[in-house]
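Engineer: Take this structure, written in C-alpha cells, and hold onto it; I'll ask about it next.
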Amino acid sequence: MMKAGYGKAGRHSIPFLSIKVPNMAILGISTNTRLLGLAIISEGRLLDYSIRLDKSPWSPSKVTQIITSLEPCVRQYSIKKVVLSMPYQYHQTAAFKTVRRALERYCKTENLAFTTFPAESFYSLSNEKEKRSKKAVMYSLTCLFPQLSYCFQKEMKNKKKYYTKLFEAIAAAMAGE
Numbered sequence: 111m112m113k114a115g116y117g118k119a120g121r122h123s124i125p126f127l128s129i130k131v132p133n134m135a136i137l138g139i140s141t142n143t144r145l146l147g148l149a150i151i152s153e154g155r156l157l158d159y160s161i162r163l164d165k166s167p168w169s170p171s172k173v174t175q176i177i178t179s180l181e182p183c184v185r186q187y188s189i190k191k192v193v194l195s196m197p198y199q200y201h202q203t204a205a206f207k208t209v210r211r212a213l214e215r216y217c218k219t220e221n222l223a224f225t226t227f228p229a230e231s232f233y234s235l236s237n238e239k240e241k242r243s244k245k246a247v248m249y250s251l252t253c254l255f256p257q258l259s260y261c262f263q264k265e266m267k268n269k270k271k272y273y274t275k276l277f278e279a280i281a282a283a284m285a286g287e
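In terms of the working numbering, the sequence shown is residues 111 to 287.
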C-alpha cells in the first residue's frame with residue numbers, strides 16, 4: 111500500500127489509484143438436452159464463447175451441472191445480465207422448461223437481470239440481401255466476429271449440427287445489449 115507523500119512544490123499529494131469499473135457484460139445462453147452454447151459480450155465485443163456437449167441422458171442433476179458451470183463466468187466477467195435463447199414453443203420440452211426455471215432462480219439469487227431471446231428474432235441478424243436462414247445468420251455473425259471463422263467452417267462441414275447453439279448464444283447476448 112502506498113502512503114500519501116509530498117509533491118515537488120511541497121504540497122501534500124495523494125497517489126492516484128486507477129480503479130476500472132467493469133462494464134456491463136452479458137451472458138448469452140442457448141441450450142437443449144445435449145448442447146450448451148455460451149457467449150459473453152460487452153460493448154459490442156465478443157469476450158468469450160464456448161460450446162459443451164453432454165451425451166448423458168437427461169436428469170435433474172444435469173440442470174445443477176449447467177447452473178454450476180455458469181458461476182465461474184459470472185464471477186470472472188462481472189456478468190450483469192443473462193439472456194436465454196428460447197426455442198419455438200413446440201420445441202420447448204419439459205427438460206428445457208426446467209432449465210429455464212433454474213436459470214431464473216439463479217439470476218434472482220445472484221441479482222442478475224434475466225431475459226429471453228425468441229427464436230424468431232434470430233433471423234433478424236442476417237443481412238437483408240441474403241435468404242433468412244441459420245447459415246446466413248452464422249455467416250453474418252462470423253463477419254462481425256472473425257474469431258468465429260473456425261466454428262463456422264466446421265459447422266458447414268458437419269452432418270449433425272454442433273455449433274448452431276454457440277451462434278444462437280452469441281445472438282442472444284447481442285440482443286441483450
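Each residue gets a CB set at the ideal place from its N, CA and C atoms; glycine is no exception.
On the premise that F227 lies in contact with V193, defined as a C-beta separation below 8 Å, what is that separation, rounded to the nearest angstrom?
Structural biologist: With 8 Å as the limit, V193 and F227 qualify as a contact, their Cβ atoms being about 5 Å apart.
Engineer: Compare the Cα-Cα distances from T274 to each of R162, A135, E153 and report the closest residue.
Structural biologist: By alpha-carbon distance to T274, the top candidate from R162, A135, E153 is R162.
Engineer: Using the three-state DSSP reduction, which class does P182 fall into: helix, strand or coil?
Structural biologist: helix
Engineer: Mapping DSSP to helix, strand and coil, what is S250?
Structural biologist: helix
Engineer: In three-state terms, what does DSSP make of K113?
Structural biologist: Residue confidence for K113 is low, a pLDDT of 34 falling below 50, so the modelled location carries little weight; the figure read from the coordinates is stated next. Coil.
Engineer: Nearest by alpha-carbon distance to R185: which of I151, E220, Q202 is it?
Structural biologist: That would be E220, whose Cα lies nearest to the Cα of R185.
Engineer: For my contact list, S152 and I136 are in at a C-beta cut-off of 8 Å; report their separation, rounded to the angstrom.
Structural biologist: 7 Å
Engineer: Cβ of L148 within 8 Å of Cβ of C183?
Structural biologist: yes
Engineer: When burial is assigned at 16 or more other CB atoms within 10 Å of the CB, is M196 buried or exposed?
Structural biologist: buried
Engineer: Suppose the cutoff is 7 Å on Cβ atoms and the five residues either side in sequence are ignored; what does the same chain contact list for A205 look like?
Structural biologist: T143, W168
Engineer: Among Q202, R215, A279, which one has its Cα closest to the Cα of T89?
Structural biologist: Outside the shown range of the chain, which is 111 to 287, sits residue 89, and nothing can be said about it.
Engineer: Quick test of your reading: M248 and E265, contact by CB under 8 Å. State the CB separation rounded to the nearest angstrom.
Structural biologist: Rounded, the Cβ-Cβ distance is 7 Å, consistent with contact.
Engineer: Among the residues of its own chain, which have a CB less than 6 Å from the CB of K269, if the five just before and after it don't count?
Structural biologist: none
Engineer: Just to confirm the assignment, what range does the beta strand (DSSP E) spanning F156 have?
Structural biologist: The amino acid occupying residue 156 in the given sequence is Leu; Phe does not appear at that position. From DSSP, the beta strand (DSSP E) with L156 extends over 155–163.
Engineer: Helix, strand or coil: which one does DSSP assign to L232?
Structural biologist: Contrary to the premise, residue 232 reads as Phe rather than Leu in this sequence. Three-state DSSP puts F232 in a helix.
Engineer: Within its chain, find whatever has a CB closer than 7 Å to the CB of A283; leave out the 5 residues flanking it on each side and keep chain order.
Structural biologist: I136, L137, G138, A149, I150, I151, V193
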